[in-house]
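According to my numbering, the sequence shown is numbered sequentially starting from 143.
Every residue, glycine too, gets a C-beta built ideally from N, C-alpha and C.
Below is one structure, written out as structure tokens; the observations come after it.
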Amino acid sequence: MNLNVLLRGQSNAVILGWLTDANNTKAIAAEVQRLLGFDGVTDTVTLLFEWSDPGGRNTAVGGTALIGDWLTRTTVDGQPSWQVNTLEKGLLDYIGALSSGQRDDPTVVLWLHSEYDSDGRHPDLTAAIWESAVRYDAGLVRAAFGSNDIPYIFVEPIPYVSGTNAGTQAIRLGMENLVADNSFNARLTAANDDLIMNAEWFGAGGHMAQSDAELVAGRAARSIAEAFAAYAKDGSVVKLANGNIADTGPIAIQAQQTGPRQVAVTLQFDGATKLAALDADAATGIGWSVISGSTVIKATGVALGAGNSLVVTFGADLPTGGTLHYGHGNAQLRADNGSVQGNAIYDDQGLPMRTPAAGLVIDAAPLQPGVTQAGTEGVDYLQAGTNGDTLIGGKGNDFLFGGAGADTFVFSLGDGFDWVAGFTPGVDRIKFNLGIAAAGVVVTPMTLEDVDGLGVIYDLNQDGLFLAGVSALQPGDIIYTPPPVGPSTIQGGSNGADTLAAGGGGDTLVGFKGADYLVGGSGKDVFVFSPGDGPDFVNDFTPGADKLLFAGGLTSGDVTSFQGSFFIGDLELTGLYVQYGSDDSQVFLNGVSALQPGDITFGSVPGDVEPVPSFTVVQGGTTTQVMATAYAGPMAGLRWQYTGSAAAEAVTGTGRNDHMAMGRGADTVRGGAGDDFL
Numbered sequence: 143m144n145l146n147v148l149l150r151g152q153s154n155a156v157i158l159g160w161l162t163d164a165n166n167t168k169a170i171a172a173e174v175q176r177l178l179g180f181d182g183v184t185d186t187v188t189l190l191f192e193w194s195d196p197g198g199r200n201t202a203v204g205g206t207a208l209i210g211d212w213l214t215r216t217t218v219d220g221q222p223s224w225q226v227n228t229l230e231k232g233l234l235d236y237i238g239a240l241s242s243g244q245r246d247d248p249t250v251v252l253w254l255h256s257e258y259d260s261d262g263r264h265p266d267l268t269a270a271i272w273e274s275a276v277r278y279d280a281g282l283v284r285a286a287f288g289s290n291d292i293p294y295i296f297v298e299p300i301p302y303v304s305g306t307n308a309g310t311q312a313i314r315l316g317m318e319n320l321v322a323d324n325s326f327n328a329r330l331t332a333a334n335d336d337l338i339m340n341a342e343w344f345g346a347g348g349h350m351a352q353s354d355a356e357l358v359a360g361r362a363a364r365s366i367a368e369a370f371a372a373y374a375k376d377g378s379v380v381k382l383a384n385g386n387i388a389d390t391g392p393i394a395i396q397a398q399q400t401g402p403r404q405v406a407v408t409l410q411f412d413g414a415t416k417l418a419a420l421d422a423d424a425a426t427g428i429g430w431s432v433i434s435g436s437t438v439i440k441a442t443g444v445a446l447g448a449g450n451s452l453v454v455t456f457g458a459d460l461p462t463g464g465t466l467h468y469g470h471g472n473a474q475l476r477a478d479n480g481s482v483q484g485n486a487i488y489d490d491q492g493l494p495m496r497t498p499a500a501g502l503v504i505d506a507a508p509l510q511p512g513v514t515q516a517g518t519e520g521v522d523y524l525q526a527g528t529n530g531d532t533l534i535g536g537k538g539n540d541f542l543f544g545g546a547g548a549d550t551f552v553f554s555l556g557d558g559f560d561w562v563a564g565f566t567p568g569v570d571r572i573k574f575n576l577g578i579a580a581a582g583v584v585v586t587p588m589t590l591e592d593v594d595g596l597g598v599i600y601d602l603n604q605d606g607l608f609l610a611g612v613s614a615l616q617p618g619d620i621i622y623t624p625p626p627v628g629p630s631t632i633q634g635g636s637n638g639a640d641t642l643a644a645g646g647g648g649d650t651l652v653g654f655k656g657a658d659y660l661v662g663g664s665g666k667d668v669f670v671f672s673p674g675d676g677p678d679f680v681n682d683f684t685p686g687a688d689k690l691l692f693a694g695g696l697t698s699g700d701v702t703s704f705q706g707s708f709f710i711g712d713l714e715l716t717g718l719y720v721q722y723g724s725d726d727s728q729v730f731l732n733g734v735s736a737l738q739p740g741d742i743t744f745g746s747v748p749g750d751v752e753p754v755p756s757f758t759v760v761q762g763g764t765t766t767q768v769m770a771t772a773y774a775g776p777m778a779g780l781r782w783q784y785t786g787s788a789a790a791e792a793v794t795g796t797g798r799n800d801h802m803a804m805g806r807g808a809d810t811v812r813g814g815a816g817d818d819f820l
């Protein structure tokens, strides 16, 4: 599997590409791989970046502005439009020169265009003009990749030596407007007002230093990883957070005047839970201001308040109708001693806070920005607000409630059966993560608890959701995550019930024993069965492309097929049963009416794949079998991983080479056969 990050911008984008290249452990691609649990070999993230191609096929070019150098304002039939300049054409040529496989890989655009667009050469720049240019660019780039929904990740405008407050504010507001438009598909990184920006490159100062580049790369990587959350591996940072890691930093949502010169600020957190202790320079009030017309009042101090709020004090009485800002315009959090980094107000994940670009009107009602809410592995009750939220219930039978905005409900294989209330067709969206394809989804009228609605079933184990009060969906209400095109892989299950999903490179799925749920991808996949492996269920089997491989000495005389039905509760699915022995030696191909010549082959289980073993865990008198995960640490020779809990437990190894990391309880550990690390 490979994921792409297309780096865009001018000289600071070039510097970011240089200073965080593939050989740097702080590189953007390396950090995204770490957050997603990619190994950097089989599963990779590639930075698409070029700045000095002789043929002009570049993604970033120093000393250039988006408006004027890449695109030029024009009119078509009397309406405002844009003209493609040589630089933009070179970018499109760069994309066109990629292999078709790489263009098909999931991609995000990492956007750093802000410096020259924010300076005095664009005195008439407005948020609307900037938005229009970016929308035009996105249409071209997405068409070049053949995908109409490639996410744009906007790097918060960086402090620039000749940037203007008005220009930076226009860009920041334009970014926020595009992020708020769910149909555009964009994200905003954490703020960057704490960058030093004193390095000399290309014969000029005012550029990012190494430490600046590493800060920007780390912040951008979080937003990129969250955009790629559907591809996160089990046990990864993103997967453990149900796809919602801290990536934007806290945002101020309300400012209430508590004295003639004092304001209490309420914050909303993203993935983090609290603020970090204030740096001495941050406590002096750097970056805070109240603006009313031409009046600007600077803060003289800030302190942590109750419940992770802030109390900001100013040097003069506050005007009526003033607007509170933190990092207004082309701001840089420079202290009197010249320091910059560390001077922001940070959350416990190290991300700086911000106020909305338009600021907060003092004593106004709190803003309700769209948020991402992630549940637990149990039963959750998640309620969307008024501004378009993303609800991720996760495992367990959850209750999800839509709000007044355009909400997105996200589901993965194994999430259980969830109740969704307040879903508005044509406005809200259902997003299915990797492994759930359209061919495996059944939408059917359903009545639960005397409530009529629609059932959306997407898993053999009756995982799905109930849309209460909904009679029909509209086109586009369901969004599927396209499988990445990458190298073919061999996936092996356990001797229990497994769920295995192919990607886009033509994979081999070996479920082994147990009632397995196997999902084909967009490539030519192979499904392997041995005597006694079933009964199994296969979704997205494509006759003439995919194959059934029967191992364990099976021959054509052992295999028969017949049409039949498969029931999930009261839901009837039709397809083809393939019997390859007695009793459980059977697989159901959902939606398949007949096989084509060559769809059935015979041989052996490929490679050295074996059933995933289990650890025997005794906790509180209860014995369970916990499936092992692949060991991904630095110690040679170890294969399987067990991670303990805080409770007292007795754990017995798999009999292979295990790495057993126990928790804080009073544990008993038995490695068993094999060379183990305890």
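Straight-line spacing of the CA atoms in Gly-568 and Tyr-373 works out to 26 Å.
Taking a contact as a CB-CB distance under 8 Å, the pair Asn-307 and Gly-471 counts as one, their CB atoms being some 3 Å apart. According to DSSP, residue pairing for Phe-671 in a beta bridge involves Phe-692.
Here Thr-310 is buried: its Cβ has 16 or more other Cβ atoms, across all protein chains shown, within 10 Å. About 14 Å separates the beta carbon of Ile-572 from that of Asp-540, a gap too long to meet the 8 Å contact definition. Assigned with DSSP and collapsed to three states, Asn-799 falls in coil, not helix or strand. Val-754 has its alpha-carbon roughly 7 Å from the corresponding atom of Met-769. Judged by DSSP secondary structure, Lys-381 falls within the alpha helix (DSSP H) whose first and last residues are 379-382. The C-alpha of Leu-780 is placed about 50 Å away from the C-alpha of Ala-445. Residue state for Val-482 is assigned as coil, using DSSP reduced to three classes. In the DSSP assignment, Phe-287 falls within the alpha helix (DSSP H) that extends over 269-287.
Excluding the 5 residues flanking it on each side, Asn-681 has same chain C-beta neighbours closer than 6 Å at Gly-582, Val-661, Asn-732, in chain order. Contact annotation, Phe-456 with Ile-428: C-beta distance approximately 13 Å; criterion of less than 8 Å not satisfied. In this structure, Asp-279 places its C-beta atom within 9 Å of the C-beta atom of Leu-213. Following the DSSP letters along the chain, one finds Tyr-236 inside the alpha helix (DSSP H) bounded by residues 228-239.
Per DSSP, reduced to three states, the secondary structure at Ser-554 is coil, with no helix or strand assignment. The Cβ atoms of Pro-248 and Leu-145 sit closer than 9 Å to each other. Distance from Val-552 to Leu-607 at the Cβ level is roughly 11 Å; contact not present, criterion being Cβ atoms closer than 8 Å.
Around Ala-367, the same chain offers Val-174, Leu-177, Leu-178, Val-380 as residues with beta carbons nearer than 6 Å, after the five sequence neighbours per side are excluded. For Ser-353, the enclosing alpha helix (DSSP H) covers residues 352-369. DSSP lists Tyr-468 as the beta-bridge partner residues of Trp-430. Within the same chain, and ignoring the five residues on either side of Ala-789 in sequence, the residues whose Cβ sits closer than 8 Å to its Cβ are Gln-761, Gly-762, Gly-805, Gly-807. As computed with DSSP, Gln-525 is found in a beta bridge with Phe-543. DSSP lists Val-405, Val-444 as the bridge partner or partners of Val-454. Judged by DSSP in its simplified three-state form, Ser-436 adopts coil rather than helix or strand.
Residue environment for Ser-613: exposed (fewer than 16 other C-beta atoms within 10 angstroms of its C-beta).
Contact annotation, Gly-577 with Leu-555: C-beta distance approximately 5 Å; criterion of less than 8 Å satisfied. From the listed residues Leu-234, Pro-301, Gly-288, the smallest Cα separation to Asp-259 is found for Pro-301. In this structure, Leu-190 places its C-beta atom within 9 Å of the C-beta atom of Thr-201. Here Leu-320 is buried, its C-beta having at least 16 other C-beta atoms within 10 Å. Straight through space, the alpha carbons of Gly-463 and Ala-169 are spaced by roughly 45 Å. For Ala-580, the CB contacts under 7 Å within the same chain, skipping 5 residues up- and downstream, are Tyr-622 in chain order. Taken in chain order, the unbroken stretches of alpha helix (DSSP H) that lie wholly in the segment 292-337 and span 4 residues or more are 307-322. Its Cα nearest to that of Thr-810, the residue Val-793 stands out among Ala-526, Arg-798, Val-793. With a cut-off of 8 Å on Cβ pairs, the segment 728-748 is in contact with the segment 657-674, counting three or more such pairs. Taking C-beta separations shorter than 6 Å and ignoring five residues to either side along the sequence, the partners of Val-720 in its chain run Ser-703, Val-729, following chain order.
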